[in-house]
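A short worksheet on the structure shown next.
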Amino acid sequence: MLRKNEAIQQVERLLQTIKAEKKALEDISSQYQKEVEAVQAKYYKHIEEIKKNIKTYELELEKTAKKYKYALFDGTDVVDTQFGRLICTIKFAVKRAKGVLEKLEELGWNEAIIIEKKVNWDKLEKWPDERLIACGTERVKKEKIEYELNQ
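Following my numbering, the numbering of the sequence shown begins with 11 at its first residue and continues without gaps.
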């Protein structure tokens, strides 16, 4: 009986500590979230505006470079300027055309097809033990001890 009382006292002490720590975490997380939201509200619009501007200028730079590529890249693939450099690279890539998967299957070229296989564990959970054993697994007993905090 003494052993059980000691165990209960230790469990109560731990539950009390966990409850206090969870409350502290909840309080600080709430404050953190409020402060993050305030900072986001203050800067979000301006950050998004600047990102949009950068994207616009990058597109304009790309169009300008393509328009004048023969003048800019005459005999070279790098153009250095006061503020940066333009680099022209040429690469060959496979065009992602429609119907390629069907054509690969038709030709039997399966090495170029990705087939993802995985176990449907939710389905296996409902199977009888005999089927589980037949496919190399089994149902095992898992013990889990949970706790609930009193309000």
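Here a beta-carbon is modelled for each residue, glycine too, at the ideal position from N, C-alpha and C.
Closest Cα partner of residue i within the set the options
i	options	result
L159	K33, Y53, W137 and L12	K33
E72	R95, I57 and H56	R95
V129	W119, E112 and T147	T147
Element boundaries [beta strand (DSSP E), containing residue i]
i	result
L82	First-last for L82: K79 to L82, but that is the alpha helix (DSSP H), not the beta strand (DSSP E).
L96	R95 to I97
Under 8 angstroms between C-beta atoms of residue i and residue j
i	j	result
Y157	L12	no
K79	C98	yes
Beta-carbon contacts of residue i that lie in its chain and below 7 angstroms, excluding the five residues immediately before and after
i	result
A122	L114
8 angstroms Cβ cutoff, residue i in contact with chain D
i	result
E158	Protein chain content of the structure displayed is limited to a single chain, and chain D is not contained in it.
Span of the alpha helix (DSSP H) around residue i
i	result
V104	First-last for V104: undefined, no H or E at that position.
D132	W131 to E135
D139	D139 to A144
The segment 79-95 touching the segment 51-71, judged by at least three CB pairs closer than 8 angstroms: no
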